[in-house]
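Let me begin by presenting the structure, written as structure tokens, before commenting on it.
Number of protein chains: 2
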Amino acid sequence: MVTINENYLKLSGGYLFSEIGRRVTRFKAENPQVHIINLGIGDVAGPLPQAVIESMHQAVDEMAWPETFRGYGPEQGYDFLINSIIEHDYRSRGIELDADEIFISDGSKCDTGNIQEIFGIENVVAITDPVYPVYVDTNVMAGRGGEADAAGGFERIVYLPCNAENSFVPQLPEQRVGLIYLCYPNNPTGTTLSKAELKKWVDYARENRSVILYDAAYEAFIREEDIPHSIYEIEGAMEVAIEFRSFSKTAGFTGTRCAFTVVPKRVVGYTRESEAVSLNRLWNRRQTTKFNGVSYVVQRGAAAVYTPEGQRQVREMIDYYMTNASIIRNGLLKMGFQVYGGVNAPYIWLKTLDGMDSWTFFDRLLKDACVVGTPGAGFGPAGEGYFRLTAFGAREDTQEAIERIKNGLKL
Amino acid sequence: MVTINENYLKLSGGYLFSEIGRRVTRFKAENPQVHIINLGIGDVAGPLPQAVIESMHQAVDEMAWPETFRGYGPEQGYDFLINSIIEHDYRSRGIELDADEIFISDGSKCDTGNIQEIFGIENVVAITDPVYPVYVDTNVMAGRGGEADAAGGFERIVYLPCNAENSFVPQLPEQRVGLIYLCYPNNPTGTTLSKAELKKWVDYARENRSVILYDAAYEAFIREEDIPHSIYEIEGAMEVAIEFRSFSKTAGFTGTRCAFTVVPKRVVGYTRESEAVSLNRLWNRRQTTKFNGVSYVVQRGAAAVYTPEGQRQVREMIDYYMTNASIIRNGLLKMGFQVYGGVNAPYIWLKTLDGMDSWTFFDRLLKDACVVGTPGAGFGPAGEGYFRLTAFGAREDTQEAIERIKNGLKL
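Here the protein sequences line up with chains A and B, keeping their order.
So the first sequence is numbered by my numbering: it starts at 32 and just counts up by one.
So the second sequence is numbered by my numbering: it starts at 32 and just counts up by one.
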């Protein structure tokens, strides 16, 4: 008899965004005439930067001739992309990385979901709460969650609440934990950590021989000084941190799929006998065994992001979204909402009024304003009573959404 | 202290093809003037069919405008591709599938590597031997392998030897197993199973409530009648089999990346309490949580394979490779080798002479003929003394390789 992985049964019905999709589809079926504005899933409005388009066309042409055709590439990605990443994203900030410390992938969702495979099942996992559901769900699937509790949490996961009361700065865990997921600029709260705050985490990890899984998918949206773009700006992080970056939001790659993960060779995990093992070696074994590299055409597109035109076009795109963020942020503030994020991140995190729960607020916003957002509770217990809106919409949609909320929302 | 997944340490140094790459690189460095012909890794010579090229260009253009831009797509793939697959690959053979039984992915390596996640760690896994290393390695990583033995096998894996003695037809396992990996047309041996032979496996799985993981990545190369293209041609398979298909070899997508997995809703696994759970539901949860869909441009390219021009171009490409297969097969037969495969598959499996071991033959072939192949032992204990060549080279390279082996190989 074949048995299933019963850890899957501990997870709630569906992935958060599938549940949102279901509710929106139902609402659309019942109200076919209305124009729904989606500020929920955090998908970009596009299009791809012109430099990326040109580079992809060129790469498609290369695939048409035996002389320039590309078959299997390196599972870790092509050097032309890796070298551009090292030069532009790291060396420019004084961070030195070797080419074999970068692993190109088809998305940070995959990487942040798969990275836990190289760690032992017995590790205690700490996450900030609210959090991107992938970190929790993938650990629950692997058996690191334990049982679900009534509040929607899991008994073996260490939740580090981030809310208005602590200004969204998580406290160090009281117990020793093995793995720590940090995401800054944060999804979903849009908040950041200063270098001094982040240093506390690096120090904690060094003292406790923990590993920090640092999701920096939104670093391109940082506007203020003293906010670290990479965890490797912090002294000692090269020994304890793995960093995830993505082209999804930076360059509109949500439907094109490219990201990368940095695993410095000095970062180690331990056998139960306390023998240190390079995580770079394990991740390389994982990727070469279970992955076959990113489409050549897509990697050529990603590389174009680092050309002078690509850089200019990407900056314009990010400026566009950050103007949206201001519109949402200021609009909601004027309506009397408590609002967080939206300054160094494309996410705006608001507190619902009168202690309304997140899913009720979701349904109300959909019904009254035909605007889709993401219920804070979907990101973890501490997200209850909060709600996320994203700056990735088209300008006119974003403006109209704020107008509709102002005029239509009955609370 | 963060602990690692110690199962990784049970695996040998590197993934098979990385080890081959290392040896070839060293030989190249020592012999920079020679032209090495690679009939090893099974990569296509390209290029992509013209219909695919045109479709990808069109899709890239769509990504350039907000009106036609595509952001996040369905994790399971776009309907335009799924419906073409159902129509052309299944309905045409009398097999009815629903759209939500097909999952588009970026490669069969990923799918055959990831599928084991939805099953319990306690399952006993049966594999034919020799075998595509991904099936074994991913189960060892997950903890289903147990300890490695001296012969290069793992104690908890049930090996079903396939060799000249049993005409490469595996025997049913003597004990009850939970998971069975079958790959037909077979990689690496190039052999096939008749419908009657495959039916024995489906019957076994139904009787023992096992699941068959059926890798049909090479089905497009089948030439003879009575060889099943899909396991669902066998009665009852819809209840016990998951099928993997790929565009890699069929349409030259090794560097473009697209594949799919079929998980019929009637296929179930069991909880330890013997409660049946739909594997479609579990795989859907896995994919929506850890994967974000295949690049839109790539899916458009794959869909073009099903247009009349695409079908014609793909058939031409496959004919080209199968002519290569004949050249290799006949050339080796004339030299006195025992040769298998190469009739319904792009792989030619030969027995080395005088009981030479596979890696010695590899080194000899590289040194004497500057031809790269794949040592049979790299595919499992029963592959020792065998060697794989692939038909995916350019015609003149393939012809020259056979000439060089004939004239240069000193055995």
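Just so it is clear, CB atoms sit at the ideal spot from N, CA and C, and this is done for glycine as well.
Taking C-alpha positions only, B/Tyr301 is separated from B/Asn239 by approximately 12 Å. Look at the region 366 to 437 of chain B and you find these whole runs of beta strand (DSSP E), each 3 residues long or longer: 370 to 372, 378 to 382 and 417 to 421. Here B/Met348 has Pro80 and Gly283 as same chain residues with Cβ atoms under 7 Å from its own Cβ, once five neighbours each way along the sequence are excluded. Within the region 240 to 269 of chain B, contact with chain A at the beta-carbon level (separation under 7 Å) is assigned to Arg240, Ser241 and Val242.
With its beta carbon at least 8 Å from every one in chain B, A/Met353 lies outside the interface. Counting only runs that start and end inside the region 308 to 365 of chain B, there is no beta strand (DSSP E) element of at least 3 residues.
Taking a contact as a CB-CB distance under 8 Å, the pair A/Phe410 and A/Pro219 counts as one, their CB atoms being some 5 Å apart.
Here the alpha carbons of A/Leu203 and B/Val155 stand approximately 42 Å from one another. Under DSSP, the beta-bridge partners assigned to B/Leu244 are B/Tyr212 and B/Ile273.
Bounds of the alpha helix (DSSP H) holding A/Tyr166 are Pro164 to Ala173.
Contact annotation: B/Phe418 and B/Gly407 have beta-carbon atoms nearer than 8 Å. Boundaries for A/Ile152: no beta strand (DSSP E) harbours it, and the DSSP string shows neither H nor E there.
Taking a beta-carbon distance threshold of 8 Å, A/Pro295 does not count as an interface residue toward chain B.
For B/Leu79, the secondary structure class from DSSP, reduced to helix, strand or coil, is coil.
The alpha-carbon of B/Tyr212 is positioned some 11 Å away from that of B/Ser241. Proximity of chain B to A/Gly177 at the Cβ level (cut-off 9 Å) is not reached, the minimal Cβ distance being about 16 Å. Taken atom to atom, the span from the alpha-carbon of B/Val402 to that of B/Asn69 is near 6 Å. Look at A/Gly183: its C-beta is not under 8 Å from any C-beta on chain B. Where A/Thr159 is concerned, there is no enclosing alpha helix (DSSP H), although the beta strand (DSSP E) around it starts and stops at Val156 to Asp160. With 16 or more other CB atoms across the displayed protein chains lying within 10 angstroms of its CB, A/Glu250 is buried. What B/Ile84 touches in chain A, judged by beta-carbon distance under 7 Å, is Val91, Met94 and Ala95, going in chain order. At the C-beta level, B/Leu191 and B/Phe150 stay beyond 8 Å of one another. A Cβ-Cβ contact shorter than 8 Å links B/Pro78 with A/Trp96. The alpha-carbon separation between B/Ile116 and B/Gln64 amounts to approximately 46 Å.
Judged by pairs of C-beta atoms under 8 Å, the region 266 to 283 of chain A touches the region 327 to 343 of chain A, as three or more such pairs exist. Taking all protein chains in view, the Cβ of B/Phe111 is surrounded by fewer than 16 other Cβ atoms within 10 Å, so the residue is classified as exposed.
The three-state secondary structure of B/Ser139, taken from DSSP, is helix. Residue pairing from DSSP places B/Phe291 in a beta bridge opposite B/Ile135 and B/Arg276. With respect to B/Gly221, B/Trp380 sits close: the two C-beta atoms are nearer than 8 Å.
Annotation: B/Val233 has no Cβ neighbours in chain A at a cutoff of 7 Å; minimum Cβ distance is about 14 Å. In terms of Cβ geometry, B/Tyr103 and A/Ile72 form a close pair [threshold 8 Å]. Pairing B/Leu313 with A/Glu266, the inter-Cα distance amounts to about 42 Å.
Secondary structure note for A/Tyr235: it is in no beta strand (DSSP E), and the uninterrupted alpha helix (DSSP H) holding it is Lys226 to Asn239. Pairing B/Val374 with B/Arg187 gives a Cβ-Cβ distance that is not under 8 Å.
Take the alpha-carbon of B/Ala82 and the one of B/Arg276: they are about 20 Å apart. Around the Cβ of A/Thr354, a 10 Å sphere holds fewer than 16 other Cβ atoms; the residue is exposed.
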